[in-house]
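Report on the following structure.
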Amino acid sequence: MADRRVDATDLQRFTQQVFEGLGMPAADAAIEAEVLLWANLRGVDSHGVTRLESYSHALDAGSMNARPEIRVLSERAGAIFIEGDHAMGPVVTNFAVDRVAEKARAAGVGWALIRNTTHQGAMGYYVEKLALQGLAGIAVVCNPPNMAPPGAKAAGTHNSPIAFAVPSKERGAVIFDMATSIVAFGKVMVAADQGVPLGDDWALDADGKPTTDPAQARLLRPAGDYKGYGLAFMFECFTSLMAGNALLAPHILEDRAGDKPKGGAQNSFVAAVDVSMFGEVEAMQTEVDELVRAEKSLPTQDGVDEVLVPGDPQQRILADRSAHGIPIPPGTWDKIAVCAERFELTLPTETT
Numbered sequence: 000m001a002d003r004r005v006d007a008t009d010l011q012r013f014t015q016q017v018f019e020g021l022g023m024p025a026a027d028a029a030i031e032a033e034v035l036l037w038a039n040l041r042g043v044d045s046h047g048v049t050r051l052e053s054y055s056h057a058l059d060a061g062s063m064n065a066r067p068e069i070r071v072l073s074e075r076a077g078a079i080f081i082e083g084d085h086a087m088g089p090v091v092t093n094f095a096v097d098r099v100a101e102k103a104r105a106a107g108v109g110w111a112l113i114r115n116t117t118h119q120g121a122m123g124y125y126v127e128k129l130a131l132q133g134l135a136g137i138a139v140v141c142n143p144p145n146m147a148p149p150g151a152k153a154a155g156t157h158n159s160p161i162a163f164a165v166p167s168k169e170r171g172a173v174i175f176d177m178a179t180s181i182v183a184f185g186k187v188m189v190a191a192d193q194g195v196p197l198g199d200d201w202a203l204d205a206d207g208k209p210t211t212d213p214a215q216a217r218l219l220r221p222a223g224d225y226k227g228y229g230l231a232f233m234f235e236c237f238t239s240l241m242a243g244n245a246l247l248a249p250h251i252l253e254d255r256a257g258d259k260p261k262g263g264a265q266n267s268f269v270a271a272v273d274v275s276m277f278g279e280v281e282a283m284q285t286e287v288d289e290l291v292r293a294e295k296s297l298p299t300q301d302g303v304d305e306v307l308v309p310g311d312p313q314q315r316i317l318a319d320r321s322a323h324g325i326p327i328p329p330g331t332w333d334k335i336a337v338c339a340e341r342f343e344l345t346l347p348t349e350t351t
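Heads up: the sequence shown is residues 0 to 351, going by numbering that gives the first Met the number 0.
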C-alpha cells in the first residue's frame, strides 16, 4: 500500500486531540503535537507521529505523566536544576528552554539539567527555539541502554542525541541534530511501518548478531564505532550522574538493579549562550551565512551535485511537506486510525 499524504495543520490538530484524550491539559497537548509535527515536516519521521502508539501506551501505563508537577530543585544565576516528574518530554523541555534563555540574557550562559523527563522528541526543535532568539543552543539526552558498545553483544549506553543551533540571517537558524548511533531507534520503527529492511550495520538482534529485520532489532550500533560510544558514555556523566539519577549502571549491574529509575525516565541538559556577550548578534549571523556559502562553494567529487551543510535536507523537505502534505506510511496510518477510533476523532485530511 502506498503512503498517504496528509495535511500538516490537520495532522497537528488531530495529534493534539489525541493527547488531550490521553489526559493532557490542552496547552501541554499543543506543545506535544507541535514537536512531533516539527519533526515530520522536516523528514525526521522517526520522531514524528509514528510515536503516537508508544506514547499512548506509556501514558496509559503511567510511565509518562500527563499532569506532572514540574519543580525547580535548585537555581543560580546561570544554571537551574529541574525535576520533570516524568512529564512528556516536550512539556518540561520547553519549560527549560524558556529558563535558560532568560539566564543566558542575564548571565551570558544558561544551563538547565532536567531529571526524570521522558522522550523529548527531536532535540533540534529546542535548540532552534534558542537560535531564533539570537542565542546559541546545545541539548543532550540520556536514556536507559539500547546501544551496544564496540565488541559487546548487550546494551551498554543509550544512543544519546546531541543537537546544536546557531543564529543565521538567511536561514533563521543552522541546526545539527544527531544520535550517537548510526540511526535512531525511531528509524527502526519507521522501517517496520514501511515494511522495509534495515541497513546492514544499523542494529543487532537479541543474541548480539547483526540483523536487517526491524522485528528482530534489539540493539543499536554506535556511529563511528568508539566515537559514538564515547560520546554516549560522557553524556550519561553530564546528565544522569550529575543529576544523581543514574540510568546505565543500574540497568547493567545486577547489584544496582534496585537503583533503576521508573520506566521511561530520561535525563537531559539544555544550554544557551548569549552571542551578544561576545559581539554583535548580527555580525555572527552574517558570518554563519558566510560559512555556509564557503562550504557550499567547495568543488564536488564525481557524481556529487553539491555540498550539503547541516539542515539542508530538512529545509528542502520542510518546503515540500508544507506545500504538499506529510507522507504517512501504512503502518503509521494504522496507528493513527487506532487513536481516531479510541477517541472518536475525525481522521486527518488527506491531500490530493
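Beta carbons are placed, not taken as given, at the ideal position from N, Cα and C, and that holds for glycine.
- One alpha carbon belongs to Gly77, the other to Asn115, and they sit about 21 Å apart.
- Linking Ala32 to Glu294 through their CA atoms gives a straight-line distance of about 35 Å.
- By the Cβ rule, the region 228-235 does not count as touching the region 36-52, because fewer than three pairs are nearer than 8 Å.
- By the C-beta density criterion, Arg255 is exposed, having fewer than 16 other C-beta atoms within 10 angstroms.
- Inter-residue distance for Lys259 and Leu218 is about 19 Å (C-alpha atoms, whole angstroms).
- The three-state reading of DSSP puts Phe277 in coil, since its state is none of H, G, I, E or B.
- Of all alpha-carbon atoms in Ala7, Val306 and Leu21, the one lying nearest the alpha-carbon of Cys338 is that of Leu21.
- Residue environment analysis places Ser45 among the buried positions, since at least 16 neighbouring C-beta atoms fall within 10 angstroms of its C-beta.
- DSSP places Gly61 outside any alpha helix (DSSP H), giving it a letter other than H or E.
- Between the region 149-167 and the region 110-130 there are three or more C-beta pairs closer than 8 Å, enough to call the two in contact.
- Excluding its 5 nearest sequence neighbours in each direction, Pro148 has C-beta neighbours in its own chain below 6 Å: Gly155 and Tyr228, listed in chain order.
- Taking each of Asp204, Pro160 and Ala153 in turn and checking the Cα distance to Ala138, the smallest one comes out for Pro160.
- Between Ala162 and Asp176, the C-beta gap is smaller than 7 Å, which places the two residues in contact.
- Around the beta carbon of Tyr125, 16 or more other beta carbons lie within 10 angstroms, which makes this residue buried.
- A check of alpha carbon separations from Val48 across Pro213, Glu289, Leu344 and Met188 identifies Met188 as the nearest.
- Glu349 is bridged by DSSP to Val5.
- Secondary structure remark: continuous alpha helix (DSSP H) runs of at least 4 residues inside the region 189-275, in chain order: 225-235 and 248-251.
- Inter-residue distance for Ile79 and Val91 is about 13 Å (C-alpha atoms, whole angstroms).
- Your pair Ala271 and Leu134 checks out as a contact, with CB atoms roughly 5 Å apart and the cut at 8 Å.
- Contact between Leu36 and Thr14 holds: their C-beta atoms lie close to 7 Å from each other, under 8 Å.
- Distance check between Asn158 and each of Val195, Glu235 and Pro89 places Glu235 closest, using alpha-carbon atoms only.
- With respect to the C-alpha of Val71, the residue from Asn64, Phe94 and Met87 having the closest C-alpha is Phe94.
- DSSP lists Ala86 and Gln265 as the beta-bridge partner residues of Thr116.
- Just measuring C-alpha positions, the residue of Ala38, Pro89, Gly42 and Leu10 sitting nearest Met23 is Pro89.
- By the Cβ-count criterion, Arg315 is exposed, with fewer than 16 other Cβ atoms from all chains shown falling within 10 Å of its own Cβ.
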